[in-house]
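One gets the working numbering by counting positions in the sequence shown from 1 and adding 183 to each.
A short write-up of the structure that comes next.
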Amino acid sequence: MHDALLDLVLGSSCVGCGRPGRLVCPACWGTLPAGGHAAWPTPCPPGLALPFAGGEYDGLLKVLVNAHKEHGQLALARPLGWVLAHVVRDLVHQQGPRAGWLLAPVPSRRAVVRRRGHDPMLRVSRRAASLLRRWGIDVRVARLLVARAVTADQAGLHADARAANLAGAMRCRAGAGRQVRDAGLAVIVVDDVLTTGSTAREAQRALEASGARVLGVATVAATRKQVPVRSSPHPPSREPDYSGGSLPFSRPGD
Ligand SMILES: [Zn+2]
184 MHDALLDLVL GSSCVGCGRP GRLVCPACWG TLPAGGHAAW PTPCPPGLAL
234 PFAGGEYDGL LKVLVNAHKE HGQLALARPL GWVLAHVVRD LVHQQGPRAG
284 WLLAPVPSRR AVVRRRGHDP MLRVSRRAAS LLRRWGIDVR VARLLVARAV
334 TADQAGLHAD ARAANLAGAM RCRAGAGRQV RDAGLAVIVV DDVLTTGSTA
384 REAQRALEAS GARVLGVATV AATRKQVPVR SSPHPPSREP DYSGGSLPFS
434 RPGD
């Protein structure tokens, strides 16, 4: 209701097709993935917990993630949380019943949260958890992970460089992992996009080092499988920025 009122006042338009009205019109919402599937990165970080994603990081999903994260379109936590909830639901179904589930959002660095003015993954995770509880699945969000020291921006780095950049980049709040395990709860690492899997793997490492049981990784989207690069003369270029919205796009797989 609140979103609808804001839309009315601000005269917003759909970030997908540009149609005036809701930030995501019913037609575009209908194209969002309502389920998760295994999304193993290639190459895969050894020991990575089962990764599930909603769809390819492209088209509408990419626009939503960027507009929410970088441009502060906070109302987009609703469709993003909706997608993540479906991914978590399917992952939970795959892993079988547990006493309860905790979503552990990958933490943003403090400086980044300050610059953006919000913590996007925390917001999306809370949306997802509240939907899942409505569906009868006992899921809570727990801010178990803390971003440690300074790491370089991951964009543009390839798998090995990412893993090296991230080693020890996160820690679990003191004693939290053990408490979680003693309560019989299983943890799912949640993030917006799965790329090489090294961020999720580092989150998993930090949780497991603290004693928690990690049973999966759930993300809104995953990049297309990484193609091994053979001594290219050029470093990999950064992803083009589609965050401006209202670009023509196709659904993943089209
Ligand atoms: Zn639309």
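All C-beta atoms in this analysis are idealised placements derived from N, C-alpha and C, irrespective of residue type, glycine included.
Remember, it's a predicted structure, so these values are computed and weren't measured experimentally.
Comparing the CB of A210 with every heavy atom of ligand 1, is any distance shorter than 7 Å? The sequence position of residue 210 within the sequence shown is 27, counting from 1. Within the cutoff, so yes.
Among A395, H276 and A357, nearest to W318 - alpha-carbon criterion: Sequence index remark: in the sequence shown, residue 318 carries index 135 (1-based). When each option's Cα is compared against that of W318, the closest is H276.
Considering C355, what are the terminal residues of the alpha helix (DSSP H) in which it resides? Taking the first residue of the sequence shown as position 1, residue 355 is located at position 172. First-last for C355: M353 to C355, but that is the beta strand (DSSP E), not the alpha helix (DSSP H).
Nearest CA to the CA of S291: which residue from R354, R272 and V207? Your numbering for residue 291 matches position 108 in the sequence shown. Measuring from the Cα of S291, the nearest candidate turns out to be R354.
Whole-number beta carbon distance between L286 and V271, since they are thought to touch under 8 Å: Taking the first residue of the sequence shown as position 1, residue 271 is located at position 88. Taking the first residue of the sequence shown as position 1, residue 286 is located at position 103. Indeed, because the Cβ distance is near 7 Å, the residues count as touching under 8 Å.
When you measure from the CB of R202 to every non-hydrogen atom of ligand 1, does any distance come out below 7 Å? Here residue 202 is taken as the residue at index 19 of the sequence shown, counted from 1. At least one heavy atom of ligand 1 is nearer than 7 Å to the Cβ of R202, so yes.
What do you get for E385, buried or exposed, if any count of 16 or more other CB atoms within 10 angstroms of its CB means buried? The residue given as residue 385 occupies position 202 in the sequence shown. Of the residues assessed, E385 falls on the buried side of the cut-off, its CB having 16 or more other CB atoms within 10 angstroms.
Cβ-heavy atom distance, G199 to ligand 1, below 7 Å: By one-based count along the sequence shown, residue 199 stands at place 16. At least one heavy atom of ligand 1 is nearer than 7 Å to the Cβ of G199, so yes.
At the level of alpha carbons, what is the spacing between D241 and P209? Along the sequence shown, read from residue 1 onward, the residue named residue 241 stands at position 58. Along the sequence shown, read from residue 1 onward, the residue named residue 209 stands at position 26. Their Cα atoms are separated by approximately 19 Å.
Can you grab the Cα-Cα spacing for the pair L243 / V198, in whole Å? Taking the sequence shown and counting its residues from 1, one reaches residue 243 at position 60. Taking the sequence shown and counting its residues from 1, one reaches residue 198 at position 15. So the two alpha carbons sit approximately 8 Å from each other.
By DSSP, does D375 sit in helix, in strand, or in coil? Against the sequence shown, residue 375 aligns to sequence position 192. In the displayed model, D375 falls within a strand according to three-state DSSP.
On the three-state DSSP scale, how would you describe E253? Translated into the one-based positions of the sequence shown, residue 253 becomes position 70. Here E253 sits in coil by DSSP.
L247 - DSSP class collapsed to helix/strand/coil: Reading the sequence shown from its first residue, position 64 is the one you call residue 247. It is helical.
Which one of G394, I371, L390 and E391 has the shortest CA to CA distance from Q278? On the sequence shown, residue 278 is found 95 positions in, with the first residue counted as 1. Scanning G394, I371, L390 and E391 for the CA closest to the CA of Q278 turns up I371.
Apart from the five residues on each side of it in sequence, which residues of its chain come closer than 8 Å, Cβ to Cβ, to G255? Walking along the sequence shown from the start, residue 255 turns up at place 72. Here the set comprises R299, G300 and H301.
Do P288 and V373 have their beta-carbon atoms positioned less than 8 Å apart in this structure? What you label residue 373 is simply residue 190 of the sequence shown in a count that begins at 1. What you label residue 288 is simply residue 105 of the sequence shown in a count that begins at 1. Contact flag set, yes.
So what's A366 in DSSP terms, helix, strand or just coil? Start at 1 with the first residue of the sequence shown, and residue 366 comes out as number 183. Per DSSP, reduced to three states, the secondary structure at A366 is coil, with no helix or strand assignment.
Between the CA atoms of H341 and S415 - distance to the nearest angstrom: Residue mapping note: residue 415 aligns to position 232 of the sequence shown, counting from 1. Residue mapping note: residue 341 aligns to position 158 of the sequence shown, counting from 1. Residue confidence for S415 is low, a pLDDT of 39 falling below 50, so the modelled location carries little weight; the figure read from the coordinates is stated next. Cα to Cα, the separation comes out at about 12 Å.
Taking 8 Å as the threshold (C-beta atoms), are D375 and T406 in contact? For the purposes of this step, residue 406 is taken as the residue at position 223 of the sequence shown. For the purposes of this step, residue 375 is taken as the residue at position 192 of the sequence shown. No; because the gap between Cβ atoms is not below 8 Å, this pair is not in contact.
Which residues in the same chain as D321 place their Cβ atom closer than 7 Å to its Cβ, once the five residues preceding and following it in sequence are excluded? As a position in the sequence shown, residue 321 is number 138, starting the count at 1. So the list reads G283 and W284, once near-sequence residues are dropped.
Could you give the first and the last residue of the continuous beta strand (DSSP E) run that contains R323? For this step, residue 323 is matched to residue 140 along the sequence shown. It spans V322 to V324 - the beta strand (DSSP E) in which R323 sits, taken as one unbroken run.
I need the straight-line Cα distance from A330 to G201, nearest angstrom please. One-based indexing of the sequence shown puts residue 330 at position 147. One-based indexing of the sequence shown puts residue 201 at position 18. Using only the alpha carbons, I get a separation of about 36 Å.
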